[in-house]
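Working notes, structure below.
Residue numbers (the numbering used here): 2 to 240.
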């Protein structure tokens with residue numbers, strides 16, 4: 002099966018190795034991975050900033066960049082959830098109506114695609130560390146996903162998954178939210194990291210690198226003994 006890979010702009014700029022590991026994992030699952038180098042931003046930041054016209058322009062570009070019939074797979078829940086849940090607001094009853102209607106059921110978050118679409122859950126990965134899992138708001142509320150990443154993690158050799166308290170609580174990032182509401186954002190991130198530290202885990206794992214980016218900045222600033230890692234980086238370990 003051929004898939005079209007959707008790499009959000011911030012992963013392209015700040016976490017390129019994770020993008021390469023996503024490709025590595027998808028190929029391990031027997032997929033042919035196509036990447037359109039013309040892709041840029043899905044428009045989520047513009048939309049959440051109130052720049053609807055800018056969001057429409059970026060959204061139309063997204064429709065052009067992913068105009069094929071192959072499934073679209075993205076490694077960050079927030080961007081996938083944005084496309085699924087908000088393109089209708091941008092393009093309903095417009096010239097792009099049929100295009101967005103065709104695309105929405107064809108775009109998948111990384112763990113969702115592995116578990117439900119191709120049912121490939123064991124990558125023979127080896128990650129000898131204690132980890133705890135962060136449920137992002139986009140995964141839980143935007144896509145209705147929670148068990149998929151955990152199922153994949155449980156098949157990783159030598160990995161110990163320890164659940165933190167209140168794993169479904171927001172980490173405080175939220176993109177623009179963290180800029181407009183900095184004190185609240187920091188308090189939420191602090192609570193999330195403290196819950197993770199209580200588990201004794203060495204890593205916080207998530208499918209949403211936007212969350213991990215915010216959590217990582219807090220960890221580094223406060224020199225805390227824990228790291229962050231994307232699910233794809235775990236699944237690509239040891240082989």
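Glycine is no exception: its CB is placed at the ideal position from the N, C-alpha and C atoms.
On a predicted model such as this, the values are computed, not experimentally measured, just so you know.
Here residue 84 really is in contact with residue 43; their C-beta atoms are around 6 Å apart, less than 8 Å. Of the residues 169, 38 and 3, the one whose Cα lies closest to the Cα of residue 30 is 3. The beta strand (DSSP E) runs lying completely inside the region 65-145 and spanning 3 residues or more are 73-75, 108-110 and 131-134, given in chain order.
DSSP places residue 194 in the uninterrupted alpha helix (DSSP H) bounded by 183-199. In chain order, 44, 91 and 92 place their CB closer than 8 Å to the CB of residue 57, counting only its own chain and leaving out the 5 sequence neighbours on each side. For residue 35, the enclosing beta strand (DSSP E) starts and ends at 33-35. Residue pairing for residue 161: DSSP places it in a beta bridge opposite 131. Bounds of the alpha helix (DSSP H) holding residue 219 are 210-222. Assignment of residue 232 by DSSP, reduced to helix, strand and coil, places it in the helix class.
Check the Cα spacing between residue 159 and each of 125, 14, 138 and 233: the tightest is with 125. Membership of residue 24 in the alpha helix (DSSP H) is indicated by the continuous run 17-29. In summary, residue 33 is exposed, with fewer than 16 beta-carbon neighbours lying within 10 Å of its beta-carbon over all protein chains present. If you check the CB distance, residue 19 and residue 169 do not come in under 8 Å. When Cβ pairs closer than 8 Å are counted between the two stretches, the region 182-201 is seen not to touch the region 136-152, the count staying below three.
Restricting attention to 48, 223 and 68, the CA atom closest to the CA of residue 39 is found in 68. For residue 4, the secondary structure class from DSSP, reduced to helix, strand or coil, is strand. Pairwise C-beta distances place the region 120-139 in contact with the region 211-220, as three or more of them are shorter than 8 Å. A distance of 8 Å or more separates the beta carbons of residue 201 and residue 190.
In the same chain as residue 144, and ignoring 5 residues on each side of it, the C-beta atoms closer than 8 Å to its own belong to 78, 81, 82, 85, 110 and 113, in chain order.
The C-alpha of residue 87 lies about 30 Å from the C-alpha of residue 28.
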